[in-house]
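Data first, discussion second: the structure below is written as structure tokens.
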Amino acid sequence: MIDAAGLRVIKAISDHGSFTAAATSLGYSQPAISQMVRRLEDRTGTVLVERLGRTVRLTEAGQVLARHANPVLAALEAAESEVAAIAGLRAGRVRLMAFPSSSSTLVPRALALVKKRFPDVQVSFTEAEPPESLAALRSGECDVAVAFAYEGTDLARGEEDIESFVTRKLLDDEVRLALPLNHPKAKSKKVKLADLASEPWIAGCPRCRGHLLSLAERAGFNPDVAFETEDYVAVLGLVSEGLGVALIPDLIRRSAGNPGVVTVPMDPASRRSVYAVTTPDLQRVPAVSATLDALCEAARAKNVCS
1 MIDAAGLRVI KAISDHGSFT AAATSLGYSQ PAISQMVRRL EDRTGTVLVE
51 RLGRTVRLTE AGQVLARHAN PVLAALEAAE SEVAAIAGLR AGRVRLMAFP
101 SSSSTLVPRA LALVKKRFPD VQVSFTEAEP PESLAALRSG ECDVAVAFAY
151 EGTDLARGEE DIESFVTRKL LDDEVRLALP LNHPKAKSKK VKLADLASEP
201 WIAGCPRCRG HLLSLAERAG FNPDVAFETE DYVAVLGLVS EGLGVALIPD
251 LIRRSAGNPG VVTVPMDPAS RRSVYAVTTP DLQRVPAVSA TLDALCEAAR
301 AKNVCS
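Right under this line is the structure:
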């Protein structure tokens, strides 16, 4: 009913005492001021300005609007200033969720890039595997999700409807076999999964475990999963002690090592694709767009992917 322009006009009339002076102060014509007053009176359903020849004065209702004009207009100006700062990357917040094996490689470099280029943009980070991160994006709990999908599966795997999401592919991450240093196959250039059919296995997150089971089924065996942990440092520790073998993505291999573990390519090779995911509207937010660009740049860095 009451708009900011109408409030400015009422305040100007209160300050200057006439339509002409109010028009001059606001940069409007005098007829424009008169029309705006009449429109505001129609909307409020009462007289706001009493016209006395060439002078005018506010009615009681007009005085009420003039009294409230200062704090309302000040709040609007503050809001406009904050929005302008966000649009200009002088402020802003991005909530990022990423799976653990990216949190020691892609994420730190991307966060450092954003901080260096836009120090007033705040990026918070939480670890979450897909599909939790995709569900959080859907529910508005995060702005960008870093997720992955193994070959032969889609990003959602039927766990989340992502047709309305926007995805940026960051990299292809090779998955290798982690073997104890003294394993008979440790010095091989490539190893067929079937050659490890009798070995105890160490499985990771639900998607990783599903990938292992799928590969093993194609290789003609059902793996004996002796241990399950989503902590890749623990996986490498178990492998180094000869307690089993495991699948290790390159993102982990490049950031975490164990002198008692050898990683060997599989024959045939296995890969997973890593994506940054957001919504069409969020990708237009400057801070979110800057974070997506930083993730892409981090993925291209030689110390992350070759």
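In full-length UniProt numbering, the protein residues as written are 1 to 306. Every residue gets a Cβ at the ideal spot worked out from N, C-alpha and C, and that includes glycine. For clarity, every value in this text was computed on a predicted model and none was experimentally measured.
Which of helix, strand or coil DSSP assigns to residue i
| i | result |
| --- | --- |
| P100 | helix |
| F125 | strand |
| N303 | Its pLDDT being 45, under 50, N303 is placed unreliably in this model, and the value from its coordinates should be taken loosely. Correct three-state label for N303: coil. |
| T229 | coil |
| residue 313 | It is not possible to answer for residue 313, since the shown part of the chain is limited to 1 through 306. |
| I10 | helix |
| L58 | strand |
| P200 | strand |
| residue 320 | Nothing about residue 320 can be reported from this structure: the residues present for the chain run from 1 to 306 only. |
| V288 | helix |
| R271 | strand |
| L177 | strand |
Contact under 7 Å by Cβ, residue i with residue j
| i | j | result |
| --- | --- | --- |
| V175 | P265 | no |
| residue 307 | L193 | As shown, the chain starts at 1 and ends at 306. That puts residue 307 outside it, with no answer to give. |
| L134 | A145 | yes |
| I13 | A4 | no |
| L282 | D143 | yes |
| Q35 | T20 | no |
| V123 | L96 | yes |
| A147 | Y275 | yes |
| G260 | L212 | no |
| A149 | S273 | yes |
Residue from the options whose Cα sits closest to the Cα of residue i
| i | options | result |
| --- | --- | --- |
| T46 | G140, V64, R54 and G53 | V64 |
| V191 | S139, S240 and V262 | V262 |
| R271 | L282, E151, A256 and R218 | E151 |
| K11 | V49, R138, A110 and E82 | V49 |
| I33 | G6, E82 and F125 | G6 |
| F221 | L238, V233, G17 and A197 | A197 |
| G17 | L40, V56, L52 and M1 | V56 |
| G62 | L111, I86, F148 and E41 | E41 |
| V233 | G53, S273 and G257 | G257 |
| R138 | G210, V225 and I162 | I162 |
| E60 | H68, G53 and R54 | H68 |
| P100 | D231, H211, V72 and S81 | D231 |
| P268 | A219, R8, T279 and G88 | A219 |
| N70 | V9, A85, A84 and S81 | V9 |
| P223 | G88, G210 and E80 | G210 |
Cβ separation of residue i and residue j, assumed to be a contact under 8 Å, to the nearest whole Å
| i | j | result |
| --- | --- | --- |
| A98 | E127 | 7 Å |
| residue 308 | L251 | Residue 308 lies beyond the residue range present for the chain, which begins at 1 and ends at 306; the question has no answer from this structure. |
| A66 | L58 | 6 Å |
| E129 | R207 | 7 Å |
| T279 | V166 | 6 Å |
| M1 | R43 | 5 Å |
Taking contact to mean 3 or more Cβ pairs, one atom from each stretch, closer than 8 Å, check whether the region 276-290 and the region 77-93 are in contact.
yes
Should the region 290-300 be called in touch with the region 166-175, which here means at least 3 C-beta pairs below 8 Å?
yes
Are the region 236-249 and the region 196-203 touching by the rule of at least three beta carbon pairs closer than 8 Å?
yes
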